Amino acid sequence: MPIAVLGLGKTGLSVARYFATQSEAVWGVDDNAALDREKAGGACAELFLGGKLPDFARISRFFISPGVDPKHPAARAALDRGLKLEGELELAFTLAKGRVIAVTGTNGKSTTVSMLGAVYQAAGENVGVGGNLGTPFLDLVRDPKNFSCYVVEVSSYQLETVATFRPKVAALLNVTDDHLDRYPNFQAYLAAKARIFAFQTP
Numbered sequence: 619m620p621i622a623v624l625g626l627g628k629t630g631l632s633v634a635r636y637f638a639t640q641s642e643a644v645w646g647v648d649d650n651a652a653l654d655r656e657k658a659g660g661a662c663a664e665l666f667l668g669g670k671l672p673d674f675a676r677i678s679r680f681f682i683s684p685g686v687d688p689k690h691p692a693a694r695a696a697l698d699r700g701l702k703l704e705g706e707l708e709l710a711f712t713l714a715k716g717r718v719i720a721v722t723g724t725n726g727k728s729t730t731v732s733m734l735g736a737v738y739q740a741a742g743e744n745v746g747v748g749g750n751l752g753t754p755f756l757d758l759v760r761d762p763k764n765f766s767c768y769v770v771e772v773s774s775y776q777l778e779t780v781a782t783f784r785p786k787v788a789a790l791l792n793v794t795d796d797h798l799d800r801y802p803n804f805q806a807y808l809a810a811k812a813r814i815f816a817f818q819t820p
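If you use my numbering, the sequence shown closes out at 820, no skipped numbers anywhere.
Structure, rendered in structure tokens:
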């Protein structure tokens, strides 16, 4: 049964490419009717663009890109069919062999991640740097360099779909009013950020 990916930006296409290499049929879903079909079609067996929705009864798994609101009609339809909303962050974590250092916060994430990456590199660590910043985490995990350590920036949107994500080090830098177009209030936004610690153990 096909795997559906909602949102065919950088992160969504990373997920689609991964499953295509695993000989899985991938259905890509995106609101942009003018999406470059050649670019997306290389990873997707079928495309549903401009509001068109697939047959959810035929889908085995449903991945949502972090930039897509979980209230999207396709996401709601997936939930109605009993599918859970999965994300690239969780998938990459389950495949990662090296240590994971994850950083979130409203401000300073990219600077902190870049700095930590430089420190690890200077210490001789084979480190991959990315996540919400630059290269998707899943692409780092699949990189033939076989990184022993990953320093990744994670957003509140990415953390919404984690189910086992437990980085070796998790850092929450700060939280100020932001993304309130997505979250009903500040407390909901804070709760999403705090999910970086949801599965941590002593």
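For glycine and all other residues, C-beta sits at the position ideal for the given N, C-alpha and C.
Computed from a prediction, not measured in an experiment: that's the story for all the values here.
Taking the Cα of V747 as reference, the smallest distance to any Cα among A638, F681, I719 is reached at I719.
The Cβ-Cβ distance between A622 and W645 falls below 7 Å. G735 is bridged by DSSP to nothing; it lacks a bridge partner.
Between A696 and G742, the alpha-carbon positions lie close to 45 Å from each other. Under the DSSP assignment, Y807 falls outside any beta strand (DSSP E), being part of the alpha helix (DSSP H) whose first and last residues are 804-812. Boundaries of the alpha helix (DSSP H) around G659: 655-659.
Excluding five sequence positions before and after G685, the CB atoms of its chain that fall closer than 7 Å to its own CB belong to G625, G627, Y775, given in chain order. For A696, the secondary structure class from DSSP, reduced to helix, strand or coil, is helix. By the criterion of at least three beta-carbon pairs nearer than 8 Å, the segment 652-671 is not in contact with the segment 715-732. Around L808, the same chain offers V793 as residues with beta carbons nearer than 8 Å, after the five sequence neighbours per side are excluded. Take the alpha-carbon of R717 and the one of S766: they are about 6 Å apart.
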